[in-house]
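K.L.:
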Amino acid sequence: MTTLHPDKVTADRLTGKPTSGGPQGPLGDGTLFEDPAVRTPLVLNNRSLHDVTEIVCGYAENSPGKWWLPTFMFTATVAGVGTLMILYLLVTGVGVWGLNNQVGWAWDITNFVFWIGIGHAGTLISAILCLFKQKWRTAVNRSAEAMTIFAVMCAGIFPGIHVGRIWFIWFVFPIPNSNAIWPNFRSPLLWDVFAVSTYATVSLLFWFMGMIPDFATLRDRADKRLRAGSGTSKLCVQCPITGIKFFHLPVSADGIRAFVYGLASLGWRGSGRHWHRYEAAYLILAGISTPLVLSVHSIVSFDFATSVIPGWHTTIFPPYFVAGAIFGGFAMVLFLLIPARELFPNFKDLLTLRHLENMAKIILVTGMMVGFAYAMEFFIAWYGGNKFEVEVFINRATGPYWWAYWTMITCNVLSPQVFWKRSMRTNPKVIWAVALFVTIGMWFERFVIIVSSLHRAFLPGEWHMFFPTAVDILTFVGSCGIFMTLFLLFLRFLPVFPLAEIKAVMPQGDPHGHGDGGDHGHGDDSHLAANQGGGH
Amino acid sequence: MDVTARVGTPSGKGYWRSVDEFSQTGAFREFVEREFPGGASELLDTSRRDFVKLMGASVALAGAATIPGCRRPDHKIMTYSADVPEHIVPGKPLFYATSMPLPGGGAEGLLVETHEGRPTKVEGNPLHPNNRGRCSPHAMAATLTIYDPDRLMYPIYDNPARGRVDATWDDFKTWGREHFSHYEGAGAGLAFLTEPKSSPAWDAAKADLMAKYPNARWVSYLPAGSDAATEGSRLAFGTPMREVFDFAQAKVIVSLDRDFTDNEAGAISNARGFGARRRVWKSTDQMCRLYALEPMHSGVGMLSDHHVRLAPSQVSAFAIAMAKAVLAKRDNATLRAALAGAANPDTTAFDAIPTATEGKTFLELLAEDLVASDHLGHSLIVAGDSQPAEIHALVHALNAALGNVGTTVRYTELKGDLASPRLSGLRALARDMAAGSVKTLVCLNVNPVFDAPADLGFAAAFDKVPNTVCLSVGASETAAASTWSLNGAHWLESWGDTTGHDGTVAPIQPMIAPLYDPAMSDLELLAFLAGDDAPDGHDLVQKTWARVHSMRPTDAEFQRIWRTALRDGFVAGSGGDLATPAVRGTEIASALGSFVPVAAPPVDALEVKFVTGSIGDGRHANNGWLQEMPQPITKVVWDNPVVVSPATAKALKVTPDDYTARQEPRAHMATLSVGGRSMQLPVWICPGMADNVAIVTLGYGREVAGLVGNGVGFNTYGLRNATDGPVLRGATLEKTGESYPISSTQNHWSLESRDSLVRWLDKPAWETHAGAAEHGPGHGVVADPYATSGDDSELSVAEQLGELTHTPANLSLYENPFNESRGNAAPGSAYAKGPQWGMTIDLASCTGCNACVIACQSENNIPVVGKKEVAKGREMHWIRVDRYFVGDSLNEPERVMNQPVACVHCENAPCETVCPVTATVHDREGLNVMAYNRCIGTRYCMNNCPYKARRFNFFDFAQAKLNGGLDPKYVPEGVRKATNNAGEGTTFNQNLIPPRLREKLDEIQHMGQNPNVTVRGRGVMEKCTYCLQRINSARASAKVQGLSTIPEGYFQVACQQACPTESIVFGDILNPESQVTKTRQNQRSYLLLGYINTRPRTSHLMRVNNPNPAITEPVDAIAAHGHHGGGHDEGHGDSHGDQHGGESHDAHSFRVDPTRQIEDDGYALSLRVLGGNGVHA
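Top to bottom, those sequences are chains E and W. Taking the numbering used here, the leading residue of the first sequence gets 1, the next gets one more, and so forth. Taking the numbering used here, the leading residue of the second sequence gets 10001, the next gets one more, and so forth.
1) Checking the sheet assignment: what are the DSSP bridge partners for W/Q11005?
2) In whole angstroms, what is the alpha-carbon distance linking W/W10837 and W/Y11050?
3) Listing by chain order, which chain W residues have their CB less than 7 Å from the CB of E/Q102?
4) Are the C-beta of E/G160 and some C-beta of chain W separated by less than 7 Å?
5) So within the region 10470-10505 of chain W, which uninterrupted beta strand (DSSP E) runs reach at least 3 residues, ignoring any that extend past its ends?
6) Around the C-beta of W/P10597, are 16 or more other C-beta atoms found within 10 angstroms, so that it is buried, or is it exposed?
7) What does W/C10915 reach in chain E if we use C-beta pairs closer than 7 Å?
8) Could you tell me which of W/L10366, W/E10264 and W/G10537 sits nearest to W/H10307, measuring between CA atoms?
9) So does W/V10122 have its beta carbon nearer than 6 Å to some heavy atom of the ligand NAP?
10) Whole angstroms are fine: how far does the CA of W/T10478 sit from the CA of W/Y10154?
11) Can you tell me whether W/C10443 is helix, strand or coil according to DSSP?
12) Counting only the same chain and skipping the five closest in sequence on each side, list residues whose C-beta sits under 6 Å from that of W/P10507.
13) Would you say E/S265 reaches chain W, if we count a Cβ-Cβ gap shorter than 7 Å as a contact?
14) According to DSSP, which residues form a beta bridge with W/M10520?
15) Consult DSSP for W/Q10024 and reduce its assignment to one of helix, strand or coil.
16) Mapping the DSSP letters down to three states, classify W/A10599 as helix, strand or coil.
17) Can you tell me the Cα-Cα spacing of W/T10736 and W/A10600, whole angstroms?
18) The beta strand (DSSP E) that contains W/N11105, what's its start and end?
19) So, is the C-beta of W/P10910 closer than 7 Å to a C-beta in chain E?
20) Just to confirm the assignment, what range does the beta strand (DSSP E) spanning W/D11068 have?
21) From what residue to what residue does the alpha helix (DSSP H) around W/A10591 run?
22) Let me know if E/N346 comes out buried or exposed under the rule of 16 or more other beta-carbons within 10 Å of its beta-carbon.
23) Using a cut-off of 9 Å between C-beta atoms, extract the partners of E/M465 located in chain W.
24) Where does the unbroken alpha helix (DSSP H) through E/N395 begin, and where does it stop?
25) Can you pull the chain E residues whose beta carbon is under 9 Å from the beta carbon of W/V11020, in chain order?
26) Counting only Cβ pairs nearer than 8 Å, list the residues of chain W close to E/V172.
27) If you draw a straight line from the alpha carbon of E/Q417 to that of E/L364, how long is it in whole angstroms?
28) What do you get for W/P10684, buried or exposed, if any count of 16 or more other CB atoms within 10 angstroms of its CB means buried?
29) Taking the alpha carbon of W/C10856 as the point to measure from, which residue in W/Q11029, W/A11036, W/W10638 and W/S10744 has its own alpha carbon closest?
30) Assess, as a yes-or-no matter, whether the region 10122-10136 of chain W is touched by the region 10218-10226 of chain W under the definition of 3 or more beta carbon pairs within less than 8 Å.
31) Under a three-way DSSP split, which group does W/E10774 fall into?
32) Could you give the C-beta distance for E/A144 and E/I482, rounded to a whole number, given that I count them as a contact under 8 Å?
33) Which residues in chain E have a C-beta closer than 8 Å to the C-beta of W/L10447? List them in chain order.
34) Within 7 Å (strictly less), CB to CB, does E/I308 reach chain W?
35) Within a Cβ cutoff of 6 Å, which residues of the same chain sit near W/T10612, ignoring the five residues on either side of it in sequence?
36) List, in chain order, every chain E residue whose beta-carbon is nearer than 8 Å to that of W/L10751.
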């Protein structure tokens, strides 16, 4: 550590020792202002630009702590179980799940829609908030984008494996063939293929492109240490439990970093021209992504809305699904970042209570939107006068799956209501609990829509219950393991905050600081302190 | 079955054969050669070549076939078609006529489709007077039985020194010649055990046998059923007679616990006549009225106009009370006097039945209906097995008194075994066996070790007989216990003959040489034992027939008769010689004088009725199709729970668990004790049953049946005794605390007030509305919201009962190019050209018999999935019969409705748009077709099908061992039954094995599959194809014949062809002359869920009920339906307000408040019927 961070102050800060600290506000960490005339600081504790680099890169270059490896091994094991379940399914047949002739989709598509929904917050934060110049997005956008990618990967698993004959899954792609057989362009499931793959591609590009300057920073740091001879210790293979070292690999960690980050940074030199191209491309991608936020879940909702099944056949689904996706996505961001904020001590400087409060407000708003949608479904069913429709909704609330419905209502509609109170939406513990509830509730929302509509459709003679099997459950748990494993790897090896963008929203990053907020300085600590004091 | 391994063991044949003989015959090689598949083709090729040769040969050649030492001689099989083909065209099926003997007499005349010599599908013979082209499920399931890999393949001898060893027929013949010679002449101790058969050749063979062994005992028995009908006719006429009905003539029918369309000699003929009388087409058409009095809804009971649930003893009491009421109005002094003397039954229960006529009871009104002048001579009273002989005699007298004899009922005399009591002979035999006086017992296709009543101790007695010979087609308990277990020939592979219910003689022709040759049919074994060293079924039948015709078999005239009979499937003029004997009033009177009606059973002394179900008396236990065929009323498969009414179950605290609680509905185990014997059985409930009656199904619980049938259900023969009939009294049912999973294909029993799905109308309302429609437009007929042309602009009467009267049309914003509306296909468009296929299913005559289900399964290679998979809701049947209880009481539903549903081939199919890979598409003839090769199995189509008609192959059902039975003995954590041989390596759940590694079907099981239909693999969606293969082959042959189109009636689809009541009609809906066009355009036709604009090609025909207006006031359901009450009229009042005006809106008893909920313990959330305003409740 000392070799990496000669700056003693920074090293102390990195290890969580108290820092000099700026003035604290009336609530929490000093970011919760009531005065609309005063800009909330986005980075706390009087950080210099160098501090930000050290914090973010420091975690990508060092183990985040003793908790990481056991946690990683646990989630990797869960992911392994999930993978085994998928293999078992592929070898044996879809019958290992609890599906039947009436309920053709259950946990598989529930999980798919759930994960796709999770993936919405990332792009919303990255793209829409970017276009709207919401600077607070910089604290969460990188991790939210990462989460999006991982969630879409998990989502992609389920439509892939839920088919009866996965070896013919390529039939869904429009591949020119001698029989001139094309996929059915009228099928919402095909639209899903296009929508999700587009979304995954754009999200991945967006995420990766944003990281290019940061990769370059990491590359340069490793290269600098290599040149200075301070980073030459060889990598060793170590028993994760006992710590006994087995043998040394012929390369150093910094050597690998310099190589891998070097590849990933695509020759970034930080020239003005690079930055110009980068900014332009970023904006273009943000523009492309913005409609995708709305389209993907709309199209996913078409899977249901275009059908004739009561409970599915409803026009409210596209906006309702999009709102639900943003709702669930933000909940997942909070669910992941609040613990990260605790486990990585200096993250609190970058991810402030104001950020959390903003996201809690979004949860509250989108939660009300889905609550409204739930109510409207009932109203329209009654107003439409269709007996089959009415009975599906009565069945949802009072039928055999009533518990799923009321779990959904409790988690999604009732639990965010605590955010009406400011002390609640600024309390990370409460926010985390609500985020957990919302995540559960959003899973149940999809379960309720899919299973409770299918299990009692038109003809009572064909009504049949769905019961999940152990394979159903373990596959879902396994997908959570895959998601968490990937996220832990992200926390460990990649820049969790966008360095350049954070620096741009810091007072030092605004060369014309007097323009909008009043009088930001030019990297001068005293200016910064004055700004945070809010006295101007 | 690894035969070769067994044959090859040193302890095998060497013991029985000299080394010379062994090496000379090369028995092992021979066995290998005869094994399938190689052997099959060789064998068949030979037979076909010889067939062609024989065509040109003299008839003497056939006669010379009995040269000793030859292989089984080949005989001519006449093709059904008049023009005998010169050669076999590979890929073209040939049809041969044959017949299937029914247990206890009677026969079904059949046509069997054979592909390259393999029988693959059984159909009814259109010429046979019983079948007329229709067929029962059991006959159709024979194609599965014949290729059952668990069949006996070779004789097995229980060597006193060495235990059970494999043997050959030569071994048996050697042993038999020596052994049976002791019984010739005066030798005693020989007994033959068989079942009663109506077969001339069998009777002749029996006579020969008894002449050779004069002291031998001949015993015939039937494990199930009762003698009451025979004894009743003996009482009534002096000689035992069987009724031959003509239901087509009947206007009023009273069924005293008899399902005359099931399980009796003339069942198919009865179903045809009855079905025809249940269908009305015009307002002026007449239909019969059926009163059914029975403990549990039978097939015809579900169609009845008045259903009274009564314990069997109370049905008897009702019969006497009814007789008194009828005879009071008819001049039959003797009987009237006798009945006056007979004890008066307690009629309070019947009198409590509500009637619409003030001051008159149900009984009186029923009697008035019977004696009404236009019903005299056109009524029919029938009594079932559960009724005692006296009641049967009384019924004969009543039919005579009402003038029905000669019109609706005639009689045919029963002779020989058919007339003898079915169990008394067995009782005496068992006694003698136990006493040791029976030295040799020959069992011919019977299984007494399994199915003898428990009080006989037959299995123990069987062990005391030193020499037992059992001829059996399938594995059986008796064969396993016998000294000699002989592999019998199935009726599809042997010669024989049958006598039908009306005396029609029909040949049994082999469709294939015995699969496990050498084998003998029971007829041939009789002949062998009678001294014919190389018996030949063909000659035996021919000789018998020649004797009947007083000719020699070689006579040209006889050959003409013979060949005609083989071609037509029956001997012309042999049937229909029916008697109209006079009843002996005095004898009936004296019998009735001593008949004391008993009181209704209390809850602590239940009445038990033994019945047979899908697998018959146990003989079909190893047939997966029949095991998975739902019981028509309970829909239970793979099991035989004791069934009680919901109220009785509640009183005894044995109501099954809420089916929503777990995947497999749980029944309580209970100890059923009756007559000193008791047994633990699961208890299931059935709405509409008489209280305090337990229905027990026989035939299940086989222990040696094969992999499919072993250990399925419970052997309830253990509760029977040989003296009482099928009804026992004084039973108790006590809960044991254990539970047991029951699989049922339909878990939800109520229509949930969705009466637009299954529509019905009372006859007066039908007459009103159909009459108005027949008068043409402007007579109160409702406009069709979807109609786009004037010709098709009005809703039929049946459609007026549905949503279309009060929902606006789901009109599209754009013209969907894939939609071609009915009635307005654009000229030149794909749908304007014929043929356009369509189907109608008539709810008025469906008895839920499952013939369509099995026909479809056989035709389309549909796999069996097993009990556990059915519990999960994964049965594969392409057509199903949904059964709904309608009414406001779980215990006493108003009505039971059957609704067969298969893919309805929507013109605007929801499944087609959603498939991402275009695996399900429309063809130019209006079919919604599946491209199995293209299907990847997203199941989206299944989800989006409003009819839930699609079936997904979750595992490799078709390929797995046991025809998809993923461990048929799966008993999850419930009661594990201790059986001797079940469970050896078979309790492992096959689901855990990847399908590719699972033990696959034996080669032989593939032989029964239809080569024209793809066998679907795992992960593929499948569904009804309207028998696309039949359409295509019809199109091909129409083209070959130079026809411009496929004419009406050129072919039938499988379900249509099987339906005994002719409820399913299929054809070209663009052909104005076709039957389906007429039925589809009938006022009874409606489109299931038509309001979602799916435009089904299958339409259902509304049921019309014909209740006695004096008993139940008829309801105008259309008026009730149309009247929506406050607040809703604005929306649609304009369109159809007029015809509802002035109608009575009085709520009838079954028009209950739709918000009313019934406590139903989780089943059938509420059995309410939609009221007038139920839609907007």
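By construction, the Cβ of each residue, glycine as well, lies at the ideal position given by its N, Cα and C atoms.
P.N.:
On the basis of the data shown:
1) Translated into positions along the second sequence, residue 11005 of chain W becomes position 1005. In DSSP, W/Q11005 forms no bridge with anything.
2) Here residue 10837 of chain W is taken as the residue at index 837 of the second sequence, counted from 1. Here residue 11050 of chain W is taken as the residue at index 1050 of the second sequence, counted from 1. Using only the alpha carbons, I get a separation of about 13 Å.
3) Looking up residue 102 of chain E in the first sequence gives position 102. Per Cβ cutoff of 7 Å: G10873 and K10948.
4) The residue given as residue 160 of chain E occupies position 160 in the first sequence. No, because no Cβ of chain W sits closer than 7 Å to the Cβ of E/G160.
5) 10484-10487 and 10496-10499
6) Position 597 of the second sequence, counted from the first residue, corresponds to residue 10597 of chain W. When all chains shown are included, W/P10597 counts as buried.
7) Here the question's residue 10915 of chain W lines up with position 915 in the second sequence. Neighbours of W/C10915 on chain E, chain order: N184 and S187.
8) Within the second sequence, residue 10307 of chain W is the residue found at index 307, counting from 1. Comparing Cα-Cα distances from W/H10307 to each of W/L10366, W/E10264 and W/G10537, the minimum goes to W/L10366.
9) Among the components of this structure there are no ligands whatsoever, and the ligand NAP is therefore not found.
10) Residue mapping note: residue 10154 of chain W aligns to position 154 of the second sequence, counting from 1. Residue mapping note: residue 10478 of chain W aligns to position 478 of the second sequence, counting from 1. When rounded, the distance between both Cα atoms is 15 Å.
11) Reading the second sequence from its first residue, position 443 is the one you call residue 10443 of chain W. In this structure, W/C10443 counts as strand in the three-state DSSP scheme.
12) On the second sequence, residue 10507 of chain W is found 507 positions in, with the first residue counted as 1. Answer for W/P10507: D10497, A10565 and L10566, listed in chain order.
13) Residue mapping note: residue 265 of chain E aligns to position 265 of the first sequence, counting from 1. So, not an interface residue.
14) As a working mapping, residue 10520 of chain W is identified with position 520 in the second sequence. BP columns for W/M10520 point to W/G10488.
15) The residue labelled residue 10024 of chain W in the question sits at position 24 within the second sequence. Confidence at W/Q10024 is low in this model, with a pLDDT of 43, below 50, so the placement of that residue should be treated as unreliable; the coordinate-derived value is given next. Residue state, collapsed to three classes: helix.
16) Mapped onto the second sequence, residue 10599 of chain W falls at position 599. Coil, per DSSP.
17) Start at 1 with the first residue of the second sequence, and residue 10736 of chain W comes out as number 736. Start at 1 with the first residue of the second sequence, and residue 10600 of chain W comes out as number 600. C-alpha separation (whole angstroms): 26 Å.
18) As a position in the second sequence, residue 11105 of chain W is number 1105, starting the count at 1. Counting along the chain, the beta strand (DSSP E) containing W/N11105 begins and ends at R11103 to N11105.
19) Mapped onto the second sequence, residue 10910 of chain W falls at position 910. Yes, W/P10910 lies at the interface with chain E (some Cβ there is under 7 Å from its Cβ).
20) Residue 11068 of chain W sits at position 1068 when you count from the first residue of the second sequence. Start and end: I11064 to D11068.
21) Reading the second sequence from its first residue, position 591 is the one you call residue 10591 of chain W. Segment G10585 to G10593, the alpha helix (DSSP H) holding W/A10591.
22) For the purposes of this step, residue 346 of chain E is taken as residue 346 along the first sequence, with counting starting at 1. By the 10 Å Cβ count, E/N346 comes out buried.
23) Counting from one through the first sequence, the residue named residue 465 of chain E turns up at place 465. Neighbours of E/M465 on chain W, chain order: Y10659, T10660, A10661, R10662, Q10663, N10747 and G10873.
24) Walking along the first sequence from the start, residue 395 of chain E turns up at place 395. Counting along the chain, the alpha helix (DSSP H) containing E/N395 begins and ends at K387 to T398.
25) On the second sequence, position 1020 is the one that residue 11020 of chain W refers to. In chain order: G164 and R165.
26) Taking the first sequence and counting its residues from 1, the one referred to as residue 172 of chain E is at position 172. Going along chain W in sequence order, the residues near E/V172 (Cβ under 8 Å) are P10916, V10917 and I10936.
27) As a first step, residue 417 of chain E is located in the first sequence; it is residue number 417 there, counting from the start. As a first step, residue 364 of chain E is located in the first sequence; it is residue number 364 there, counting from the start. Distance between the alpha carbons of E/Q417 and E/L364 is about 7 Å.
28) Working through the second sequence from its first residue, we reach residue 10684 of chain W at position 684. Before going on, a small fix: residue 10684 of chain W reads as Trp here, not Pro. Its Cβ being crowded by 16 or more others within 10 Å, W/W10684 is buried.
29) Counted from its first residue, the second sequence places residue 10856 of chain W at position 856. Among W/Q11029, W/A11036, W/W10638 and W/S10744, the Cα nearest to that of W/C10856 belongs to W/Q11029.
30) no
31) Here residue 10774 of chain W corresponds to residue number 774 of the second sequence, with the count starting at 1. Note: W/E10774 maps to helix in three-state DSSP.
32) Indexing the first sequence from 1 puts residue 144 of chain E at position 144. Indexing the first sequence from 1 puts residue 482 of chain E at position 482. About 18 Å; that fails the 8 Å criterion.
33) Here residue 10447 of chain W corresponds to residue number 447 of the second sequence, with the count starting at 1. The sequence given here places Asn at residue 10447 of chain W; Leu does not occur at that position. The premise fails here: W/N10447 is roughly 35 Å from chain E at the closest Cβ pair, so nothing lies under 8 Å.
34) Working through the first sequence from its first residue, we reach residue 308 of chain E at position 308. The amino acid occupying residue 308 of chain E in the given sequence is Val; Ile does not appear at that position. With 7 Å as the cut-off, E/V308 counts as an interface residue toward chain W.
35) What you label residue 10612 of chain W is simply residue 612 of the second sequence in a count that begins at 1. If we look at W/T10612 and ignore the five residues flanking it on each side, its Cβ neighbours are A10224, L10698 and G10699.
36) Indexing the second sequence from 1 puts residue 10751 of chain W at position 751. Within 8 Å Cβ-Cβ: P460.
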